[in-house]
Structure formats: structure tokens, C-alpha cells
Amino acid sequence: MPTWQHALDEWFRTHHGIATNGELLDLGLSQRTIGRMVADGRLITMQPGVFRSAQWPASTLATMRAACARNLQALVGITSACAEWGLRRVPDLGVHL
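Read in order, the letters of the sequence shown correspond to residues 43 to 139 in our numbering.
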């Protein structure tokens with residue numbers, strides 16, 4: 043098992059299965075390994091430079107995390123934030139940033 047595997051599993055567990063290219067590099071993966079994991083289907087590209095582990099299901103939280111990871115100035119807002127915090131019942135209208 044690669045030396046970074048445990049750290050990667052822990053990262054995905056605590057970040058809704060989402061990691062940026064930079065975060066993966068910081069965890070010890072090489073750019074080549076990241077590319078191979080995308081090609082093998084172990085990582086799914088959510089946005090340029092943002093990946094979801096294929097072991098984690100697609101979810102609203104993963105989509106929000108991916109959007110905010112791609113743009114550090116983005117915030118989850120409007121009905122998405124209200125629904126996430128349980129402030130009121132709102133229909134699922136997608137993610138609002």
C-alpha cells in the first residue's frame with residue numbers, strides 16, 4: 043500500500059470524498075499518480091482540478107464542497123445554505139453559490 047493511502051482515505055472521509063489537485067499533491071501523491079487514478083476511474087473529475095473519490099457517492103454536500111474547493115471565494119448560499127442548516131423546508135433546487 044502506498045505511504046499516502048491512509049492519509050488520502052482520511053482526507054476523503056472528512057471532506058465528503060472531494061480533494062483538489064493541490065490537496066492531493068500535499069498528501070503525497072504525484073501528478074502522474076493523480077492522472078493514473080483519473081484514467082483508472084478511481085478519481086472522478088468534478089471540475090478542473092477538483093476530484094471526487096469513486097468510492098464516495100455523488101451528493102449535494104460533495105457538489106458544494108467541490109464548488110467551494112474550486113473557488114475559495116465561493117460560498118454556499120440562499121436555499122442551499124438554509125436546507126443544509128435545517129432552517130426551513132425548501133425544495134431541492136440544486137446548489138446555490
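Ideal Cβ placement from N, Cα and C applies to all residues, glycine included. Because the structure is a prediction, the values reported are computed rather than measured.
Residue i classed as buried or exposed, judged by whether at least 16 other C-beta atoms fall within 10 angstroms
i: R55; result: exposed
i: I120; result: exposed
i: T105; result: buried
i: L135; result: exposed
i: L114; result: exposed
From the options, residue whose alpha carbon lies closest to that of residue i
i: C110; options: G128, W98, Q89, C124; result: Q89
i: T62; options: S95, I120, W127; result: S95
Helix, strand or coil at residue i according to DSSP, with G and I counted as helix
i: T62; result: strand
i: L135; result: coil
i: Q115; result: coil
i: L50; result: helix
Residues near residue i in its chain [Cβ-Cβ closer than 6 Å; skip 5 each side]
i: R112; result: Q89, V92
i: A49; result: L69
Same chain, Cβ closer than 7 Å to residue i, five either side skipped, listed in chain order
i: H57; result: R107
**Q.** Uninterrupted alpha helix (DSSP H) stretches inside the stretch 66 to 109 (no shorter than 4 residues)
**A.** Those alpha helix (DSSP H) runs which fall completely within the stretch 66 to 109 and span 4+ residues are 73 to 81.
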